[in-house]
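Report on the structure given below.
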Ligand SMILES: [Mg+2]
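In the working numbering, the protein residues as written are 228 to 594.
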């Protein structure tokens with residue numbers, strides 16, 4: 228079958244892709260969130276022209292062709308756009324074969340444990356503890372990630388003492404069986420990161436994400452080697468050479484590719500496989516309730532080296548107004564701390580027609 232038509236439905240934060248083949252089969256995907264209006268332009272200018280009219284049986288070959296043809300643009304935006312193509316291709320394949328993507332990947336649908344992921348740093352430690360406790364009581368989630376340091380903070384905390392305080396307060400307030408994760412978003416020097424790392428170890432935190440600037444792997448490696456807990460990272464990385472180095476040298480203990488930043492499922496699987504060969508777990512980055520979380524659910528139920536849980540953003544409309552009403556039949560229901568990976572074909576989702584109606588429409592097709 229050949230790709231006949233590529234349509235995009237775009238708002239500034241989200242852009243969905245619809246693919247249609249010459250048999251009239253359809254699939255839906257999504258490009259990476261944020262600046263999706265820019266990404267959609269790249270999609271129609273630098274992705275669609277290379278794949279229209281091509282057969283769609285070999286996703287990797289097709290995507291490599293784009294990267295070769297656009298080899299002067301080895302960057303994030305091109306991959307963010309390719310993610311839209313790749314996730315639409317997997318959905319198309321699922322719909323044709325009447326299987327969920329998880330099954331195409333060799334896994335089985337069903338329940339998946341989540342960790343509640345806080346995005347807020349301006350929240351006071353006690354308020355964060357109260358908020359997480361409430362979510363724990365209401366939804367049964369028994370793993371949470373909260374923020375330490377300041378985002379790319381050059382060693383300066385959000386306010387003096389916040390990181391130490393929040394680590395201790397969260398540990399005191401949540402049920403002792405709760406898995407506790409922190410994210411420093413590239414804040415600290417190795418020395419600072421290790422010092423806070425000892426406090427994390429003493430307070431039962433088991434996952435220490437991006438302690439140092441992620442573009443400085445030697446710094447991160449110092450922290451990984453100094454601490455007993457898992458140092459994790461990789462969410463921004465999308466170059467396979469960087470991944471190979473990060474995995475070969477065990478810069479981190481757990482890898483965290485983002486399916487949408489990576490360019491889709493196909494390239495993320497390659498990274499997960501590299502990690503599997505070195506006995507490393509994969510706990511992907513999925514920081515909002517758009518298609519990235521759905522895709523990550525399917526992936527985690529299929530790969531043998533899946534980490535313990537799915538990242539599940541707990542923020543609501545105040546933080547993420549743009550993620551409201553993207554899909555019909557809420558695919559993000561949590562019960563007893565678990566989410567359901569559906570048996571429906573493809574991604575098993577229905578994009579809200581009202582959202583589509585309000586979006587910006589562009590089409591690339593074979594003349
Ligand atoms: Mg992170």
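We put the beta carbon where it would ideally sit given N, CA and C, even for glycine.
Counting along the chain, residue 330 sits inside the alpha helix (DSSP H) bounded by residues 328–331. With 16 or more other CB atoms across the displayed protein chains lying within 10 angstroms of its CB, residue 385 is buried. Taking the CA atoms as reference points, residue 574 sits about 36 Å from residue 451. DSSP, read as helix, strand or coil, puts residue 390 in helix. Every alpha helix (DSSP H) of 4 residues or more that sits fully in the segment 255–301 is shown, in chain order, as 263–269, 275–278, 286–296.
By DSSP's assignment, residue 587 forms a beta bridge with 237. A Cβ-Cβ separation of about 7 Å places residue 319 in contact with residue 253 under the 8 Å criterion.
Inter-residue distance for residue 434 and residue 483 is about 12 Å (C-alpha atoms, whole angstroms). The count of Cβ pairs closer than 8 Å, one atom from the segment 552–567 and one from the segment 358–376, reaches three, so the stretches are in contact. In terms of Cβ geometry, residue 415 and residue 461 do not form a close pair [threshold 7 Å]. According to the DSSP secondary-structure assignment, residue 248 is paired through a beta bridge with 230. DSSP, reduced to helix, strand and coil, places residue 567 within a strand of the structure shown. Residue 512 is classed as buried because its beta carbon has at least 16 other beta carbons within 10 Å across all chains shown.
Taking one beta carbon from each stretch, the segment 228–248 and the segment 313–330 have 3 or more pairs nearer than 8 Å; the two touch. At least one heavy atom of ligand 1 lies closer than 6 Å to the C-beta of residue 436. Within the model, the alpha-carbon separation for residue 400 versus residue 383 is close to 26 Å. Membership of residue 454 in any beta strand (DSSP E) is not indicated, and neither H nor E is assigned to it by DSSP. In the three-state DSSP reduction, residue 522 falls in the helix class (H, G or I).
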